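Novice:
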Amino acid sequence: MKRLAVLGSTGSIGVNTLDIAGTFKNEFEVVALSAGTNIQLLREQIERFEPKVVSVMNEALAKALKREISPRKTEVFFGVEGLILIATIPEIDLVVSALVGAAGLIPTISAIKARKSIALANKESLVMAGKIIVEEARKNGITILPVDSEHSAIFQVLAGRPKDEVKRIILTASGGPFLNLPHEKMEEVTSKEALHHPTWNMGRKVSIDSASLMNKGLEVIEAHWLFGVATEQIVVHIHPQSVVHSMVEYVDGSIVAQMGITDMRIPICYALSYPKRLPLYLPPLDLFHMDGLTFLPPDMDRFPCLRLAYRSMVVGETMPAVLNAANEVAVNSFMEETIKFTDIPKVVEKVMEDHEIKPLTTLDDALRADQWARERTKKFIEEIRV
Ligand code: MG
């Protein structure tokens with residue numbers, strides 16, 4: 004029996020995680036949950052799983068929730084302290100880190116320091132402070148289990164093989180909803196169109212990032228830290244069918260791929276149950292009725308976010324944290340319709356250009372760069388807002 008804490012239980016990954024936990028009651032016990040503001044869904048999850056502790060965004064929400072649930076069964080905490088508390092309580096074995104954005108960093112590090120296994124969906128924490136997370140995981144003897152479908156694919160393909168056998172990691176990308184949209188039309192796309200992903204059903208932020216290919220850029224950085232492979236050896240192939248979830252090309256020329264339907268429960272379940280596999284009764288991948296398998300190089304002119312992510316890794320140190328923070332602010336502004344879709348890479352590039360690079364040796368270095376980039380991005384958006 005693995006005892007779980009799910010950080011971000013009301014988001015897309017969190018909901019799917021609890022679906023797995025509810026399906027395999029003999030394998031998993033849900034001990035702790037955290038949510039932001041979706042108290043209604045959290046209350047339903049509390050009724051179903053009876054966790055010992057939960058945490059919500061702030062004190063007012065914690066008070067509101069306490070009035071509605073049985074205090075004898077579930078204790079309620081809030082804020083960053085609440086997140087840290089539930090990521091580190093002694094009876095937990097595995098922490099599912101499924102918060103969105105930079106908010107995932109501190110609880111993830113806390114869980115690693117408390118020697119919890121980590122199922123990591125929060126790619127932004129690796130982008131911000133990959134060096135520190137990997138070092139802490141090594142020191143504490145923790146394996147980070149990837150939840151992202153591409154990284155789960157690579158993890159399954161590598162299966163512990165030494166990295167000097169790896170020639171390239173080939174990350175696949177669906178290309179998002181604007182794969183074939185002409186350059187001149189990109190300016191006018193709406194957040195509703197950007198949220199409509201062709202093959203995967205995901206949360207809002209990752210959907211926008213997928214439409215701009217920033218998500219793939221963040222995943223290149225994530226793959227670098229998870230698998231210790233140089234960024235130059237990680238390439239992106241656009242693969243509109245989303246059947247191949249990623250590949251590893253070995254030094255002997257063999258390319259090994261992992262395939263499957265686009266259902267996040269597969270990578271989530273593997274991260275939860277690793278090293279064993281559990282029977283998920285999902286519809287099979289129908290190989291006879293696939294629309295072919297095509298692979299294309301990414302168009303970095305129409306999708307400059309991908310190039311910016313690579314560039315941030317060439318510079319390294321605090322630059323990826325700046326890329327990530329600027330992107331988070333820009334994506335929010337795009338969803339609020341204060342900037343255009345094509346402004347997202349412009350804003351990120353400008354903030355990266357303005358950033359004075361600093362060495363990344365402590366968590367504070369990453370957090371300071373993140374804070375600086377947020378303020379700089381907001382100021383820049385004020386100047387250009389439509
Ligand atoms: Mg992914």
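Read left to right, the sequence shown gives residues 4 to 389 (our numbering). C-beta: ideal position from N, C-alpha, C; glycine also. Given the structure is predicted, the values throughout are model-derived calculations rather than measurements.
1. Under 7 Å, CB to any heavy atom of ligand 1. Which residues pass, going along the chain?
2. Pick from 63, 333 and 128: whose alpha carbon is nearest that of residue 211?
3. I need the DSSP call for residue 310, collapsed to helix, strand or coil.
4. Alpha carbons only, please: which of 204, 230, 239 and 229 is nearest the one belonging to residue 216?
5. For residue 128, which three-state DSSP category applies?
6. Let me make sure I understand the geometry here. Which of 341, 130 and 5 has the alpha-carbon closest to that of residue 220?
7. Quick one: using the 10 Å Cβ neighbour count with 16 as the cut-off for buried, is residue 19 buried or exposed?
8. Whole angstroms is fine: what's the gap from residue 300's alpha carbon to residue 241's?
9. Which first and last residues belong to the alpha helix (DSSP H) in which residue 54 is found?
10. Going along the chain, which unbroken runs of the beta strand (DSSP E) with 3 or more residues stay wholly within the stretch 150-216?
11. Based on DSSP bridge pairs, tell me the residues matched to residue 252.
12. DSSP state of residue 76, grouped into three classes?
13. Taking residue 21 and residue 102 to be in contact with their CB atoms under 8 Å, please state how far apart those CB atoms are, rounded to whole angstroms.
14. Compute the Euclidean distance between the alpha carbons of residue 89 and residue 186, then round it to the nearest angstrom.
15. Taking the alpha-carbon of residue 91 as reference, which of 35, 68, 126 and 48 has the nearest alpha-carbon?
16. Apply the 10 Å Cβ neighbour rule to residue 281 and answer buried if 16 or more other Cβ atoms are within range, or exposed otherwise.
17. In whole angstroms, what is the alpha-carbon distance linking residue 109 and residue 364?
18. What does the alpha-carbon distance come out to for the pair residue 188 and residue 247?
19. Note down, in chain order, each residue of its chain lying with its Cβ closer than 8 Å to the Cβ of residue 206, except the 5 sequence neighbours on either side.
20. Quick one: complete alpha helix (DSSP H) runs, 4+ long, within the stretch 99-126?
21. How should residue 12 be labelled, buried or exposed, when 16 other C-beta atoms within 10 angstroms of its C-beta is the threshold for buried?
22. Can you grab the Cα-Cα spacing for the pair residue 252 / residue 309, in whole Å?
23. If distances are taken between C-alpha atoms only, which option among 347, 327 and 385 comes closest to residue 370?
24. With DSSP as the reference, label residue 32 as helix, strand or coil.
Specialist: Looking at the coordinates:
1. The set of residues whose C-beta lies within less than 7 Å of a heavy atom of ligand 1 reads, in chain order, 151, 152, 153, 218 and 222.
2. The residue labelled residue 211 in the question sits at position 208 within the sequence shown. For the residues 63, 333 and 128, the minimum Cα distance to residue 211 belongs to 333.
3. The sequence position of residue 310 within the sequence shown is 307, counting from 1. Three-state result, residue 310: helix.
4. Position 213 of the sequence shown holds residue 216. Of the candidates 204, 230, 239 and 229, the one whose C-alpha sits nearest the C-alpha of residue 216 is 239.
5. In the sequence shown, residue 128 corresponds to position 125, counting from 1. DSSP places residue 128 in helix when its eight states are reduced to three.
6. One-based indexing of the sequence shown puts residue 220 at position 217. Of the residues 341, 130 and 5, the one whose Cα lies closest to the Cα of residue 220 is 130.
7. Sequence index remark: in the sequence shown, residue 19 carries index 16 (1-based). That one is buried.
8. Residue 300 sits at position 297 when you count from the first residue of the sequence shown. Residue 241 sits at position 238 when you count from the first residue of the sequence shown. When the Cα atoms are used, residue 300 and residue 241 turn out to be separated by approximately 6 Å.
9. Taking the first residue of the sequence shown as position 1, residue 54 is located at position 51. Looking at the DSSP string, residue 54 is not in any alpha helix (DSSP H), and its letter there is neither H nor E.
10. Counting only unbroken stretches of 3 or more residues, the beta strand (DSSP E) elements lying wholly within the stretch 150-216 are 169-176, in sequence order.
11. Counted from its first residue, the sequence shown places residue 252 at position 249. In the DSSP output, where bridge partners are listed per residue, residue 252 has 171 and 258.
12. Looking up residue 76 in the sequence shown gives position 73. Three-state result, residue 76: coil.
13. Within the sequence shown, the letter at position 18 stands for residue 21. Within the sequence shown, the letter at position 99 stands for residue 102. With 8 Å as the limit, residue 21 and residue 102 do not qualify as a contact, their Cβ atoms being about 15 Å apart.
14. Indexing the sequence shown from 1 puts residue 89 at position 86. Indexing the sequence shown from 1 puts residue 186 at position 183. Distance between residue 89 and residue 186, taken at the CA atoms: about 46 Å.
15. In the sequence shown, residue 91 corresponds to position 88, counting from 1. For the residues 35, 68, 126 and 48, the minimum Cα distance to residue 91 belongs to 35.
16. Here residue 281 refers to the residue found at position 278 of the sequence shown. Counting every other CB atom within 10 Å of its CB across the protein chains shown gives residue 281 a total below 16, marking it as exposed.
17. Within the sequence shown, residue 109 is the residue found at index 106, counting from 1. Within the sequence shown, residue 364 is the residue found at index 361, counting from 1. Cα atoms of residue 109 and residue 364: separation of roughly 15 Å, rounded to the nearest angstrom.
18. Counting from 1 along the sequence shown, the entry for residue 188 is found at position 185. Counting from 1 along the sequence shown, the entry for residue 247 is found at position 244. Approximately 29 Å between the Cα atoms of the pair.
19. Position 203 of the sequence shown holds residue 206. Taking residue 206 as the centre and dropping the five residues before and after it, the same chain places the C-beta of 14, 15, 16 and 103 closer than 8 Å to its C-beta, in chain order.
20. As far as the stretch 99-126 is concerned, its whole alpha helix (DSSP H) runs of at least 4 residues are 108-116.
21. As a working mapping, residue 12 is identified with position 9 in the sequence shown. So residue 12 counts as buried.
22. Looking up residue 252 in the sequence shown gives position 249. Looking up residue 309 in the sequence shown gives position 306. The straight-line gap from Cα to Cα measures roughly 21 Å.
23. Position 367 of the sequence shown, counted from the first residue, corresponds to residue 370. Closest option to residue 370, Cα to Cα, is 327.
24. Against the sequence shown, residue 32 aligns to sequence position 29. Strand.
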